[in-house]
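Working notes for the structure below.
Residue numbers (the working numbering), protein chains in the order written: chain A, 275 to 529; chain B, 849 to 1374.
This is the structure in structure tokens:
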């Protein structure tokens, strides 16, 4: 279980997260939803130690992140929003680095790697430098790396971006399979259809503040005939979109 | 500390520190362990070559009694090592930009720093080994040679650690400052420039001290204490100095471990807080001004600027080293008559031809665009006009730097009046012609997916070819300019000689312009 306790993150006089408190249970797929700049990535980056919160505590399985950072990192597998990391390494070099970081044994690594490489159809690319990969291939490389240690907590920041339909489908299956083992999957997305399809629980953020945290089913039950997109936009979107679109389509600025 | 993690991290930093060698080794099918050993082999090779080279050089000296020679060598290699340390620490710790990528991974920060430190030390081998040799060659001539030899090994390790830690504090300390984080690229350039100046200072140091220092002098202060430790290792003052060095190393190491390295986390975090304030949108600027500004921004790469700075200056150092290391009194071009106008103009062209190469701005400008080049082709502006603007921006900047260097050398050599103007005009015209050639070459070999800017320097033959061009060019231009000079000096028909060479320069220029400007711009890019 992960608990965010009054997390605040500021950049100078700009507040990225304002007093965020929420709990993420084990065995669930948890989604962070929100517009650009809502604080989704900042929250996730705080959890994976890329940035440090200005104040508040993050508790993972009873351990405080500030005090037991290395132990907590051992439990987390992370897929960043941009897969442009370690570009000079080959896919295999990268996976070796990850397995040494998580101290995965050679036998376990080999067994998992064969399955994952086959799943993502990367058999012929393992010795190719990551810099030569397309965005989607880089994403697959990072996803495989995150799964090699079979982490208790799998965190993905905008994971579907750039993936082909087959890889997207496979990733969703993997996320479901991961929680079936009693583990946790946390991801952020702009894609509400994906969130609706995958999430057990969601947190909706707006300008760094929590608007909703809880079961997706409960949220959907508040408007039985509406989609998540409709509910989401009602909660944090503009109310007069149709008028804005009419205004834009009817203007003659560019004529 | 986990040894497997240290090995993996060292391997990775080795790849980062040697992008070209990695790329070449991969192209020849080397991966994994073979690739790592191929990279390690180059360091071992450098070590072996330097051991042989300096081993032979130092055989002729009895450094145990020649204190001045000892301090000169140590000062020289220390300056070079400091320069190398600053440059490599910056590359491995900061330019690699991998701090953020390690943060989510369960690596102990100490393991990451140790791996990086190992790679820095490998890159330092070329200058560290001569220091070791000087220490050893001094110790073997000492009275109590066995003790001295052991002390030499210990002192070498301590001295290397002291230099590394001191440079780490300089580089990391600067990186913590607000001004560094706000102007990271400029500050990195400044750091590299300091290291470059240290290197040049070292070269001139050896030139000057070799003429003025005699063997029985006490040598340079500070470095002679090292000599004392090696020659009289059991002396009270020697043991005292050795203890001071040991204490300094321990103190710096503890400070680095407790204070300096953890600051890197803070540094990474704070980078985000120091975002530049939004400047007012310059919507009143013309498209031309916007494009020039954009092209100038492409050059904000410290490695590129430093390499350009170094390689452009290199022929000047080669040509001017003799004159500059003395007082320059033997060479003066003050009283050369107007008849030599053409010789100076041709010399200017030669300066440009030797100084402009694959590392010059005009030779890189197109590739620096990366994928922006495709995007610019989709914009409703003339691509031809865009490339011309780019060429002119790069040419002007490159030429300005060449002119500054030429003016400095011109004053030193007492070149005056019209001949000086002719020299500068020659530089400008030569830079234009050679830049046209290299700009076309950049288009032909354009690489829009480079990761490290040094990849661009190595296209089409790389550094080896460019060095051959410089040395070959020196010989060819040397023969032509000398011939021109002596024909003017010893024949009575200087107007005829000048007309002949003028015609050759005109014809060559016309040929270059036809091939690399008219044909290239008018046909290929339309």
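Where a beta carbon is used, it is the ideal one built from N, C-alpha and C, also for glycine.
Note that the structure is predicted; figures quoted are calculated from it, not measured.
Exposed unless 16 or more other CB atoms sit within 10 angstroms - verdict on residue i
i: residue 1127 of chain B; result: Note that residue 1127 of chain B scores a pLDDT of 46, beneath 50, so its modelled location is shaky; the value from the coordinates is reported in the next line. With fewer than 16 other Cβ atoms within 10 Å, it is exposed.
i: residue 1174 of chain B; result: Any answer about residue 1174 of chain B is weak, because its pLDDT of 48 lies below 50 and its placement is not dependable; what the coordinates show is given next. That one is exposed.
i: residue 1362 of chain B; result: exposed
i: residue 1297 of chain B; result: exposed
i: residue 310 of chain A; result: exposed
i: residue 1334 of chain B; result: exposed
i: residue 1367 of chain B; result: exposed
i: residue 460 of chain A; result: buried
i: residue 447 of chain A; result: exposed
i: residue 482 of chain A; result: buried
i: residue 399 of chain A; result: buried
i: residue 1025 of chain B; result: exposed
i: residue 982 of chain B; result: buried
i: residue 508 of chain A; result: exposed
i: residue 1315 of chain B; result: exposed
i: residue 283 of chain A; result: buried
i: residue 451 of chain A; result: exposed
i: residue 1156 of chain B; result: buried
Supposed close pair residue i, residue j - CB separation, criterion 8 Å
i: residue 1200 of chain B; j: residue 1282 of chain B; result: 5 Å
i: residue 368 of chain A; j: residue 324 of chain A; result: That belief does not hold up - the Cβ atoms of residue 368 of chain A and residue 324 of chain A are roughly 18 Å apart, past 8 Å.
i: residue 362 of chain A; j: residue 1299 of chain B; result: 7 Å
i: residue 358 of chain A; j: residue 315 of chain A; result: Contact flag wrong, Cβ pair sits at about 15 Å.
i: residue 929 of chain B; j: residue 1011 of chain B; result: 6 Å
i: residue 854 of chain B; j: residue 963 of chain B; result: 6 Å
i: residue 1161 of chain B; j: residue 1253 of chain B; result: 7 Å
i: residue 867 of chain B; j: residue 1302 of chain B; result: 6 Å
i: residue 1078 of chain B; j: residue 990 of chain B; result: 6 Å
i: residue 1295 of chain B; j: residue 1215 of chain B; result: 5 Å
Per-residue contacts from residue i into chain B (C-beta, under 7 Å)
i: residue 375 of chain A; result: 853, 953, 954 and 955
i: residue 323 of chain A; result: 951 and 952
i: residue 413 of chain A; result: Ordered by position in chain B, no residue passes the 7 Å Cβ test against residue 413 of chain A, which lies about 15 Å from the chain.
i: residue 352 of chain A; result: 952
i: residue 405 of chain A; result: 1299
i: residue 347 of chain A; result: 952, 953 and 954
i: residue 401 of chain A; result: 879
i: residue 344 of chain A; result: 954 and 956
8 Å Cβ cut-off: residues of chain B touching residue i
i: residue 366 of chain A; result: 879 and 880
i: residue 498 of chain A; result: Result: empty, since nearest Cβ-Cβ is about 40 Å, beyond 8 Å.
Within chain A, the residues that residue i reaches when beta carbons sit closer than 8 Å
i: residue 823 of chain B; result: Residue 823 of chain B is absent from the model: chain B starts at 849 and stops at 1374.
i: residue 1083 of chain B; result: The contacting residues do not exist; residue 1083 of chain B stays about 48 Å from chain A at best.
i: residue 850 of chain B; result: 374 and 377
i: residue 1336 of chain B; result: Residues of chain A passing the Cβ test: none, with the nearest at roughly 55 Å.
Chain A contact residues for residue i, given Cβ-Cβ distances below 7 Å
i: residue 864 of chain B; result: 362
i: residue 856 of chain B; result: 370, 371 and 374
i: residue 867 of chain B; result: 362
Residues sharing a beta bridge with residue i, DSSP
i: residue 428 of chain A; result: A:351 and A:459
i: residue 480 of chain A; result: A:483
i: residue 304 of chain A; result: A:460 and A:475
i: residue 284 of chain A; result: A:289
i: residue 392 of chain A; result: Looking at the DSSP assignment, residue 392 of chain A forms no beta bridge with any residue, so it has no partner.
i: residue 1206 of chain B; result: Partner(s): none; residue 1206 of chain B has no beta bridge.
i: residue 337 of chain A; result: A:334
i: residue 329 of chain A; result: A:282
i: residue 403 of chain A; result: A:364
i: residue 488 of chain A; result: A:476
i: residue 244 of chain A; result: Absent from the model: residue 244 of chain A. The displayed extent of chain A is 275 to 529, so no value can be given.
Chain-ordered chain B contacts of residue i [CB-CB under 9 Å]
i: residue 276 of chain A; result: Residues of chain B passing the Cβ test: none, with the nearest at roughly 15 Å.
i: residue 359 of chain A; result: 946, 948 and 949
Amino acids of chain A, ordered along the chain, whose beta-carbon sits closer than 9 Å to that of residue i
i: residue 1236 of chain B; result: Those do not exist, as residue 1236 of chain B stays about 30 Å from chain A at its closest Cβ, beyond 9 Å.
Any 3 or more C-beta pairs closer than 8 Å across the segment 1182 to 1202 of chain B and the segment 1318 to 1325 of chain B: yes
Cβ contact (3+ pairs, closer than 8 Å) linking the segment 294 to 314 of chain A and the segment 472 to 480 of chain A: yes
Inter-stretch contact at 8 Å, needing at least 3 Cβ pairs: the segment 896 to 915 of chain B / the segment 947 to 958 of chain B: no
Cβ pair count under 8 Å reaching 3, the segment 323 to 338 of chain A against the segment 479 to 493 of chain A: no
Segment contact flag, the segment 918 to 934 of chain B with the segment 1012 to 1019 of chain B, C-beta cutoff 8 Å, min 3 pairs: Enough Cβ pairs lie closer than 8 Å, so yes.
Three or more C-beta pairs below 8 Å linking the segment 858 to 878 of chain B and the segment 961 to 977 of chain B: yes
At least 3 beta-carbon pairs within less than 8 Å: the segment 878 to 897 of chain B vs the segment 997 to 1009 of chain B: no
Inter-stretch contact at 8 Å, needing at least 3 Cβ pairs: the segment 1180 to 1197 of chain B / the segment 1339 to 1356 of chain B: yes
The segment 371 to 390 of chain A / the segment 454 to 468 of chain A touching (three or more Cβ pairs under 8 Å): no
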